[in-house]
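Numbering (this note's numbering), first residue to last: 1 to 398.
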């Protein structure tokens, strides 16, 4: 009971601190900002917890809740303002034009290098070949489409000239992010240029279905997608999701809503997809995904796990596509019974190159972010009650 009470009022205090950000302004001195801005929040929470506990008794004690004492308010404001001032010049407004120069649609993007390459969403630039880029200082430039990738919903544009105040945004590592950390979005929702919003990472390990339907049906999906409650609305697509160090950790792509506007459930493509896909688009115009060639069952109910004598974590192969790396490696699909239910006897993948596989997201994530076409991997499967290692040379996704 004491622990619950303590946590509730600590949470209330943090909420009070965050609410105060909306009604107080502090002079900005970027040179004085700490290099690791994520540490500001960690230190603030540690300070609150340290002051809320009597170290000798463990009981909650009365503390001075003055915001100036905690030094959270001005620090966070400085961070937000500094990030906006540094990042916004590299965030662009993309105008998608028809053959007559009329505007078909708009979106967001951001500069990733000094050669003028701009990352955005594939769905922003699809079905058009003419684009105009507007920078925050009013500078406008025509852009060329360099490459697109439907399955990751990423695309790269390029302008010949960048304004002098534009510095490419640094790309972070989406493997390092955690649920609960602050994030910032900058984009052009509803055409309102240079709009910034703040939120948190609400969830990790989500997936987004590709708009492409491959031959034979089904649909590919992008794993390790970031869920955030930061406001993402039409026009934000292609803009950056930033951490408190000003690094891009995602590319805003989609919202889940019944109204067409933000409902607190937004999705951002992990920046590690940009690390993989963008260089290939710049070099070749396309990105080629590694491919196994199997169909997988959804997570198996406990009753089926027990009936088939399978461990809780893994991926059950239901079918193997003819002529694919999976068939050549000898993987076995279960097929279905006469009544349309899962049959016994399919291979059950529990690891890939020694990395445990909990579900299809783990398997797909390894293929998308870690493996390459032509690479030989090792799949560890349960087959007929025995653990077997199967080498498989990856092909190219059709």
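Note that the Cβ used here is the ideal one computed from N, Cα and C, for glycine as well. Note that the structure is predicted; figures quoted are calculated from it, not measured.
Contact between residue 107 and residue 94 is confirmed by a C-beta separation of about 5 Å, below the 8 Å threshold. For residue 280, the closest alpha carbon among the candidates 119, 390 and 330 is that of 119. In the three-state reduction of the DSSP assignment, residue 360 falls in the helix class. Closest option to residue 85, judged by alpha-carbon separation, among 96, 137 and 130: 137. For the pair residue 231 and residue 185, the CB atoms are nearer than the 8 Å cut-off.
Per DSSP, reduced to three states, the secondary structure at residue 174 is helical.
Out of 273, 386, 385 and 311, the CA that lies nearest to the CA of residue 367 is found in 273. Residue 312 counts as exposed, since fewer than 16 other C-beta atoms from the protein chains shown sit within 10 angstroms of its C-beta. Residue environment for residue 151: buried (at least 16 other C-beta atoms within 10 angstroms of its C-beta). Between the alpha carbons of residue 219 and residue 354 lies a distance of about 27 Å.
In the structure shown, residue 77 falls within a helical segment according to DSSP collapsed to helix, strand and coil. Rounded to the nearest angstrom, the Cβ distance from residue 169 to residue 112 is 7 Å, consistent with a contact under 8 Å.
Here the C-alpha atom of residue 248 lies approximately 15 Å from the C-alpha atom of residue 121. Residue 141 sits in a strand when the DSSP states are folded into three classes. Shown here for residue 250: same chain residues with a beta carbon closer than 7 Å to its own, the five before and five after excluded, namely 174, 226, 241, 268, 269, 270 and 271 in chain order.
DSSP places residue 291 in the strand class (E or B) of the three-state scheme. According to the DSSP assignment, residue 219 belongs to no alpha helix (DSSP H), since it is labelled neither H nor E. DSSP places residue 270 in the uninterrupted beta strand (DSSP E) bounded by 266 to 270. Checking the DSSP bridge columns, you'll see residue 109 partnered with 92. In the DSSP annotation of this structure, the continuous segment of the alpha helix (DSSP H) that includes residue 308 starts and ends at 302 to 308.
Nearest Cα to residue 305 within the set 105, 163, 265 and 344: 344. Looking at the backbone, the Cα of residue 187 and that of residue 364 are separated by about 30 Å.
Look at residue 192 here: in three-state DSSP terms it is coil, with no helix or strand label. Nearest C-alpha to residue 211 among 131, 205 and 222: 222. Taking each of 295, 290, 236 and 234 in turn and checking the Cα distance to residue 395, the smallest one comes out for 290. Looking only at 81, 372 and 378, the smallest Cα-Cα distance to residue 276 is reached by 372. Counting only the Cα atoms, residue 292 lies some 42 Å from residue 89. In the structure shown, residue 396 falls within a strand segment according to DSSP collapsed to helix, strand and coil. Counted as a single uninterrupted DSSP element, the stretch harbouring residue 311 is not any alpha helix (DSSP H), since DSSP gives it neither H nor E.
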